[in-house]
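Report on the following structure.
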Amino acid sequence: MIDINHEINKLISFAVNHKLIKNEDKIFSANSLIGILGLNSFNLESVGETTFSKSPDSILSKILDFAVENNLIENTETERDLLDTKLMGALTPRPSDVISEFEKLMKISPVNATDYFYGLGISSNYIRSERTAKNICWKTKTDFGNLDITINISKPEKDPRDIAKAKTIKSSGYPKCLLCKENEGFYGHHGHPARQNIRLIPINLNGRKWYFQYSPYSYYNEHCIVLCEDHVPMKISHETFENLLAFIEKFPHYFLGSNADLPIVGGSILSHDHYQGGRYVFAMDNAPIEKIYNYNDDVEVGRIKWPLSAIRLNSKNPEKIIKLSDRILSAWREYSDESVGIFAYSDGEAHNTVTPISRRKGENYEMDLVLRNNRTTEEHPLGIFHPHSDVHHIKKENIGLIEVMGLAVLPARLKTSLEKISEALRDNKNSLPSELEIHENWYQYLRSKYENLNDFDEIKNVIRSEVGHVFARVLTDCGVYKRDSKGIEAFDKFTEGVLR
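Going from the sequence shown to this note's numbering is simple: count from 1 and add 556.
Here it is, written out as C-alpha cells:
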C-alpha cells in the first residue's frame, strides 16, 4: 500500500531542496498536487534527512503507481508521462522567474547561466535523465578517432492502448510541431507530449528572437536546441551562419550546428527552423587538418580527415567566416561533377546543401561545412550518400547533425540482437536464427575473423568494436567525395575553385 501523503511530502521536499519552490510555497504546491491527484486532504510531515538524487523520477514512480492502483490513469508509458509532467509542472518556476534568474546569472558568466538552466531541466524532470542513463554507450577507436556509439533505449515504444487513444484525437494544429514556442506549458494528450515543465529562454540572434531549451532525451552533455520564434522550414543560408556564430559568441563553452535542410540528409524535423548544440567534444572536433588551402583573407581553410567531406574554417574574425561560408554554400548549391557522381539537380530538384557546425577554439571561431547531397538512384533508393544496404542491419536511418559529428544513435532493437549474436559466436553456431537474418552476412564475417575467440566478455567487446567500425563505414557512405585519390582530387578541385 503506497502512503501517498508521504510520497507527496517527499516530492515537495525534493522541490525545495532543488530550488524549484521555496519553503513558503509548500502548502500552496501541495494543494496543487492533491488537486491533480483527486485527493481532498494533505498533512505536511517531515521526510527526514533524505538524500535526493538530481531527478525526482523515483518519487514520481511511486505516485504514478498510486494513480494506477486508484484508476486515475492506465498503466501505459504515455499516461504516466502525461501525469508526471502535470505534477512537475505544478512545481516548476514560472517562465518569467526562470528567464530573470538566467539573465542575472548571464551577467556573472554564461557557464553559470547554463548550469542553472540545465540543472532546472533535470530537477523538473523535463530532461528525462533517468531514462537516458539507460542508453548503452561506448567508444570505438577508428581511423577517424574515437567514435561515440549509443543504442537508444531511452524512448519507450508506444503501447497499443496509447496508439488507439491517439487515433481518436482530432488534430487541432496547436502547437504546430514539437519545436514551436507554444509547447511551453502545454497540457499534452495522447497525440502530443505534455510540456508543463519545459522552460524556454528567449535569446537575440542578429536582431531576431530565438528560443533556447534543452532536449528531453539528451544524447550528449547539455544537449540543447535553439529554435526559431516562427514556425518556418529549415533553410541553410547566410543568416544561418550569422546565427550560429552569434550564439557561440554568447555561449563560448557550447558548440552549435544545424541539420541540413533537405530530406534524406537532414534531420527528423524539417518543418521548423532550429539548431542543436551543447557542451561536448565529438570525434569530429579533434579531426586533424589534412590539407590547408591557399586563402589569404585572415581565414584558415582546410580539408579535415573525416569520413564525410568537410571544409574547416578558422579565424578570429566571425564576419569573414560568415562571408566565406556563404560563398562556399552558394557555390556548392550549384556544383556538379559527373566524374564522382555529384549532380546539383535532377528533374529540377535541388540536391546539394551543407551541414554546418560552429564552435570556439580559444579566441577563434571555427566552422565546419559538411558537404551533403540527397540524390537517389534505383541502386540506392534511400540515397547515394546515405548508409548503403549492406550496413542497414546496424544503421538505416538518416545521418543527421549528431551522427555527422561522430555519435551514432542506433535503434533499440540492437540491444537484444547483439546479445544473441554474441551468444551465437560464443557457441560457434553455423548461422543465426531466422529473426536475426538481417545480420547473417555480418555474422559470417565475425565468425571467420574471431573463430578462436571463446571468452564471452571479450566476444561482447569485439562485437561492440565491430559495430563502431560499421558506423565509420556508414559515415563514409555519406561522404560525397570518397577518401581515395580520385575523390580527394575532386574535393580539392571544388574547394580550390571556390577560393580563387
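Positions of the beta carbon are idealized from the N, C-alpha and C atoms, including for glycine.
Using the three-state DSSP reduction, which class does residue i fall into: helix, strand or coil?
i	result
V667	helix
I619	helix
M790	coil
P863	coil
H748	strand
N908	strand
T972	helix
T932	coil
I705	strand
N870	strand
D718	helix
L963	strand
D854	coil
S895	helix
S902	strand
Out of curiosity, what's the CA-to-CA distance linking residue i and residue j?
i	j	result
I664	D671	12 Å
H562	S793	55 Å
N691	K971	10 Å
P943	P758	37 Å
L938	I592	47 Å
E659	F811	20 Å
T688	N708	8 Å
Y891	F941	16 Å
I1079	K861	Missing from the structure shown is residue 1079; the chain here goes from 557 to 1056 and no further.
D983	R969	22 Å
P731	N753	16 Å
F673	E785	19 Å
H936	R1029	16 Å
E738	L647	20 Å
A964	I950	10 Å
L927	K711	30 Å
T932	I590	56 Å
A816	F1012	41 Å
P716	L734	22 Å
V910	E778	24 Å
V624	I558	11 Å
R889	L818	12 Å
V837	P612	28 Å
Just confirm the distance between the C-beta atoms of residue i and residue j, as a whole number of angstroms; I'd bet it's less than 8 Å.
i	j	result
V1018	Y1006	6 Å
G747	T641	Contact flag wrong, Cβ pair sits at about 15 Å.
N579	E601	Wrong, their Cβ atoms sit about 15 Å apart, outside the cutoff.
L880	V855	6 Å
P666	P772	With 8 Å as the limit, P666 and P772 do not qualify as a contact, their Cβ atoms being about 22 Å apart.
K610	S652	At roughly 25 Å, the Cβ-Cβ gap does not stay under 8 Å, so K610 and S652 are not in contact.
A839	G962	4 Å
I619	I560	7 Å
Y775	T706	6 Å
N842	G701	6 Å
Y921	L801	6 Å
Terminal residues of the continuous beta strand (DSSP E) containing residue i?
i	result
V782	780 to 784
K765	764 to 770
I629	Note, I629: premise wrong, no beta strand (DSSP E); not H, not E.
R928	920 to 929
F811	811 to 813
K847	845 to 848
I757	757 to 761
G833	830 to 834
Looking only at C-alpha atoms, which of the options sits nearest to residue i?
i	options	result
F570	N997, G604, H745	G604
I994	K976, N1008, R982	K976
E991	A866, G956, S973	S973
W694	K1038, R1020, D903	R1020
F797	G813, F838, K872	G813
L595	F622, V896, I577, H574	F622
H915	L885, R835, I709, V1036	According to the sequence shown, residue 915 is Arg rather than His. Per the Cα distances, R835.
Q1000	D1011, L1009, E1014, K985	K985
G822	K791, M840, N852, L661	K791
S585	I719, M644, V857	M644
A669	N870, K806, S886, W998	K806
I655	S945, N850, F768	F768
H828	N870, I781, A802	I781
L616	K575, L676, I583, E686	E686
A900	N799, S871, A720, V1036	V1036
K1049	I884, M662, V1026	I884
Q832	K917, E1052, P912	P912
H574	N681, S597, E630	N681
Provide the residue span of the alpha helix (DSSP H) that contains residue i, from first to last.
i	result
I692	Where I692 is concerned, there is no enclosing alpha helix (DSSP H), although the beta strand (DSSP E) it sits in stretches over 692 to 698.
I560	560 to 573
G1043	1041 to 1055
G591	582 to 593
C736	Per DSSP, C736 belongs to no alpha helix (DSSP H) and is neither H nor E.
I1019	1012 to 1034
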